[in-house]
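Trainee: Just passing along the structure, written as structure tokens.
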Amino acid sequence: MKIRFFGAAGEVTGSCSLVESGNKKILVDCGMFQGSDFNEGKNHDPLAFDAKELSAVLVTHAHLDHTGRLPVLIKNGYSGFFYATPATIELTELILRDAHSIMEYNHRKFGSPILYEEQDIAGVMSQFKSLDYYDELDLFQDKTVKIKFYEAGHIFGSVFVELQAENKKVIFSGDIGNINVPILRDTDKLPEDVDLVVCESTYGDRRHESDQARREILEEMVLQAMQRGGVMMIPSFSLERTQELLYDLNDLIDHKHKLPRVPIFLDSPLAIGATKVYRKFTKYYDEEAYKWLKSGDDLFTFAGLTETENKAESMKINNTRPPKIIIAGAGMMNGGRILHHALRYLSDDKSTLLIIGYQAQGTLGRKILDGHSPVDVMGESVAVHCKVKAIGAFSAHGDRDKLTVWLGSSAKRPKKIILNHGEPEASGSLVKHLKDVYGLDVDTAKINNEVII
145 MKIRFFGAAG EVTGSCSLVE SGNKKILVDC GMFQGSDFNE GKNHDPLAFD
195 AKELSAVLVT HAHLDHTGRL PVLIKNGYSG FFYATPATIE LTELILRDAH
245 SIMEYNHRKF GSPILYEEQD IAGVMSQFKS LDYYDELDLF QDKTVKIKFY
295 EAGHIFGSVF VELQAENKKV IFSGDIGNIN VPILRDTDKL PEDVDLVVCE
345 STYGDRRHES DQARREILEE MVLQAMQRGG VMMIPSFSLE RTQELLYDLN
395 DLIDHKHKLP RVPIFLDSPL AIGATKVYRK FTKYYDEEAY KWLKSGDDLF
445 TFAGLTETEN KAESMKINNT RPPKIIIAGA GMMNGGRILH HALRYLSDDK
495 STLLIIGYQA QGTLGRKILD GHSPVDVMGE SVAVHCKVKA IGAFSAHGDR
545 DKLTVWLGSS AKRPKKIILN HGEPEASGSL VKHLKDVYGL DVDTAKINNE
595 VII
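In terms of the numbering used here, the sequence shown opens at residue 145 and continues consecutively.
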């Protein structure tokens with residue numbers, strides 16, 4: 145069995161791994177590269193493999209850096225199936241259509257290229273096959289390759305993949321979730337007798353705050369922001385991060401009465417659509433969320449919340465005087481409605497920018513977090529005078545401790561680990577840490593590098 149990496153090697157975007165076993169070629173994810181531009185140049189490079197030769201594509205979860213180039217496979221002649229959980233399938237359609245609308249907007253306004261067309265999205269959706277958690281599948285009905293999905297605890301519907309072929313067992317982590325994440329079930333333990341784990345390492349060099357500290361920081365930041373009388377901007381990933389945030393705000397406002405009732409706007413059609421999917425697949429809720437649901441509580445609605453789905457509703461947010469909170473996409477501030485609010489409020493010293501997710505190199509969110517000022521927002525130079533704060537515990541990715549525990553969670557530890565989906569500092573730090581703790585064979589993924597097991 146051979147594995148090659150065509151993305152998320154030395155970086156945190158563009159996840160794409162190719163498994164070859166006999167005459168079968170299986171792709172795990174095909175994500176978009178994300179950086180300073182929403183749809184950056186590397187996405188338009190020719191694929192490093194022939195899409196027509198692929199036998200199957202496995203999708204770990206719906207985030208754009210794992211699904212954003214699935215339509216490119218269709219465009220290049222892929223005619224096989226995409227396999228994912230039912231929730232991932234529905235969320236992927238929302239993600240791809242939202243990404244296409246952003247590309248069309250950027251094309252009209254800035255002349256940016258469009259990566260794929262509507263018919264390519266339709267092709268992806270028509271070729272999806274659903275596979276639920278723990279249902280083992282003989283992928284080609286010939287006993288050459290078997291796959292099984294396990295709970296990754298990252299976002300709704302997310303999985304880590306077990307792939308068995310040639311008497312070998314390989315795990316692809318996708319993205320592994322944080323600890324004590326609201327709504328989601330916990331990450332499953334690593335299976336036994338694994339020959340290789342390809343594991344993400346996004347936060348391999350740091351520890352997050354605890355889930356309790358996350359709520360305390362959120363409460364403190366909201367209170368401070370409202371007392372200053374400004375606007376709190378929260379650029380939020382539409383899948384999971386937004387739903388977790390709404391869940392916590394619901395708890396702090398309606399249950400514990402620790403926050404004042406101020407106008408809160410969910411300014412993201414994608415997040416609004418994704419929340420409908422969350423309401424549909426309640427069987428994926430963890431125990432606490434399910435109890436809330438059974439008590440009659442809507443997990444994602446509370447006093448003061450307004451959803452602004454269309455452009456006209458979004459523009460009306462400006463008519464509401466501060467203090468107010470605006471939750472808007474995109475999470476890395478490399479596109480979406482958050483840019484319009486950033487243009488308006490970044491230079492206001494009464495306002496607050498609260499970062500609650502990973503910010504990739506080159507994105508506007510990363511530049512602001514690193515202290516850059518002024519910054520370019522939609523072609524305009526904007527000085528950053530607002531208060532900037534990040535909460536690591538809101539990340540959908542596990543930190544060093546979570547990844548370490550997960551990789552050591554089976555009675556018999558894996559024979560080899562390859563770390564991908566991490567910047568060099570994070571991956572390198574985790575390599576050393578895992579060698580020190582477990583004495584395992586650990587390495588990092590490299591673009592086009594071939595691994596044979």
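Where a beta carbon is used, it is the ideal one built from N, C-alpha and C, also for glycine. Note that this is a predicted model, so its numbers are computed, not measured.
Roughly how many angstroms lie between the CA atoms of Phe182 and Leu393, to the nearest whole one?
Mentor: Here the question's residue 182 lines up with position 38 in the sequence shown. Here the question's residue 393 lines up with position 249 in the sequence shown. Those two C-alpha atoms are separated by around 29 Å.
Trainee: If you draw a straight line from the alpha carbon of Leu508 to that of Asp276, how long is it in whole angstroms?
Mentor: Here the question's residue 508 lines up with position 364 in the sequence shown. Here the question's residue 276 lines up with position 132 in the sequence shown. If you take the alpha carbons of Leu508 and Asp276, they lie about 37 Å apart.
Trainee: Pull up the DSSP beta-bridge partners for Lys533, would you.
Mentor: On the sequence shown, residue 533 is found 389 positions in, with the first residue counted as 1. Beta-bridge pairing links Lys533 to Leu498.
Trainee: Using the rule of at least 16 other Cβ atoms within 10 Å of the residue's Cβ for burial, across every protein chain shown, is Glu384 buried or exposed?
Mentor: Numbered from its first residue, the sequence shown carries residue 384 at position 240. With 16 or more Cβ atoms within 10 Å of its Cβ, Glu384 is classed as buried.
Trainee: How many whole angstroms separate the CB atoms of Gly175 and Thr229, which I take to be in contact at a CB cut-off of 8 Å?
Mentor: Walking along the sequence shown from the start, residue 175 turns up at place 31. Walking along the sequence shown from the start, residue 229 turns up at place 85. That belief does not hold up - the Cβ atoms of Gly175 and Thr229 are roughly 17 Å apart, past 8 Å.
Trainee: List the whole-angstrom C-beta distance separating Leu191 from Val163, where the pair is believed to meet the contact cut-off of C-beta under 8 Å.
Mentor: The sequence position of residue 191 within the sequence shown is 47, counting from 1. The sequence position of residue 163 within the sequence shown is 19, counting from 1. The Cβ separation is near 16 Å, so there is no contact.
Trainee: Do Asn322 and His352 have their C-beta atoms within less than 8 Å of each other?
Mentor: Indexing the sequence shown from 1 puts residue 322 at position 178. Indexing the sequence shown from 1 puts residue 352 at position 208. In contact: Asn322 and His352 (Cβ atoms closer than 8 Å).
Trainee: Using a Cβ-Cβ cut-off of 8 Å (strictly less than) and excluding sequence neighbours within five positions of Ile535, which residues of its own chain qualify?
Mentor: Working through the sequence shown from its first residue, we reach residue 535 at position 391. For Ile535, where only same-chain residues beyond five positions count, the Cβ hits under 8 Å are Glu353, Arg358, Ile361, Leu362, Met365, Leu498, Ile499 and Ile500.
Trainee: For Gly267, collect the residues of the same chain with a Cβ closer than 6 Å to its Cβ; drop the 5 residues on either side in sequence, then sort them by chain order.
Mentor: Start at 1 with the first residue of the sequence shown, and residue 267 comes out as number 123. The answer, listed in chain order, is Ile218.
Trainee: Assess, as a yes-or-no matter, whether the segment 369–388 is touched by the segment 425–441 under the definition of 3 or more beta carbon pairs within less than 8 Å.
Mentor: No: the two stretches stay apart, fewer than three of their Cβ pairs being nearer than 8 Å.
Trainee: Return the CA-CA distance between Asp585 and Ser554, expressed in angstroms with no decimal places.
Mentor: In the sequence shown, the residue the question calls residue 585 occupies position 441. In the sequence shown, the residue the question calls residue 554 occupies position 410. Near 16 Å, if we compare the C-alpha coordinates of Ser554 and Asp585.
Trainee: In its own chain, which residues sit with a C-beta less than 7 Å from the C-beta of Leu235, not counting the 5 before and 5 after it?
Mentor: Taking the first residue of the sequence shown as 1, we reach residue 235 at position 91. If we look at Leu235 and ignore the five residues flanking it on each side, its Cβ neighbours are Ala206, Phe300, Gly301, Leu383, Ala418 and Val421.
Trainee: With a Cβ-Cβ cutoff of 8 Å, do Gly475 and Arg481 count as a contact?
Mentor: Residue numbering aside, residue 475 sits at position 331 when the sequence shown is read from its first letter. Residue numbering aside, residue 481 sits at position 337 when the sequence shown is read from its first letter. Not a contact, by the Cβ cut-off of 8 Å.
Trainee: Residues in its own chain within less than 8 Å of Arg405 by CB, not counting five upstream and five downstream?
Mentor: As a first step, residue 405 is located in the sequence shown; it is residue number 261 there, counting from the start. Once the five neighbours on either side are set aside, the close Cβ partners of Arg405 are Ile397, Ala447 and Gly448.
Trainee: Quick one: measure Cβ to Cβ for Val519 and Ser491, integer angstroms, because I've assumed they're closer than 8 Å.
Mentor: Locating residue 519 in the sequence shown gives position 375, counting from the first residue. Locating residue 491 in the sequence shown gives position 347, counting from the first residue. The pair is not a contact, with the Cβ atoms about 10 Å apart (cut-off 8 Å).
Trainee: What did DSSP end up calling Met476 once you bin it into helix, strand or coil?
Mentor: For the purposes of this step, residue 476 is taken as the residue at position 332 of the sequence shown. The answer is coil: DSSP assigns Met476 none of H, G, I, E or B.
Trainee: Helix, strand or coil: which one does DSSP assign to Pro568?
Mentor: Against the sequence shown, residue 568 aligns to sequence position 424. In this structure, Pro568 counts as helix in the three-state DSSP scheme.
Trainee: Determine the extent of the beta strand (DSSP E) in which Asp585 is found, giving its start and end residues.
Mentor: The count along the sequence shown starts at 1 and reaches residue 585 at position 441. Segment Asp585 to Thr588, the beta strand (DSSP E) holding Asp585.
Trainee: What ranges does the beta strand (DSSP E) occupy inside the segment 353–393, keeping only unbroken runs of at least 3 residues that lie completely in it?
Mentor: The qualifying runs are 375–379.
Trainee: Taking C-alpha atoms, which residue in Phe284, Gln308 and His298 lies nearest to Lys292?
Mentor: Position 148 of the sequence shown, counted from the first residue, corresponds to residue 292. Here the closest residue by C-alpha is Gln308.
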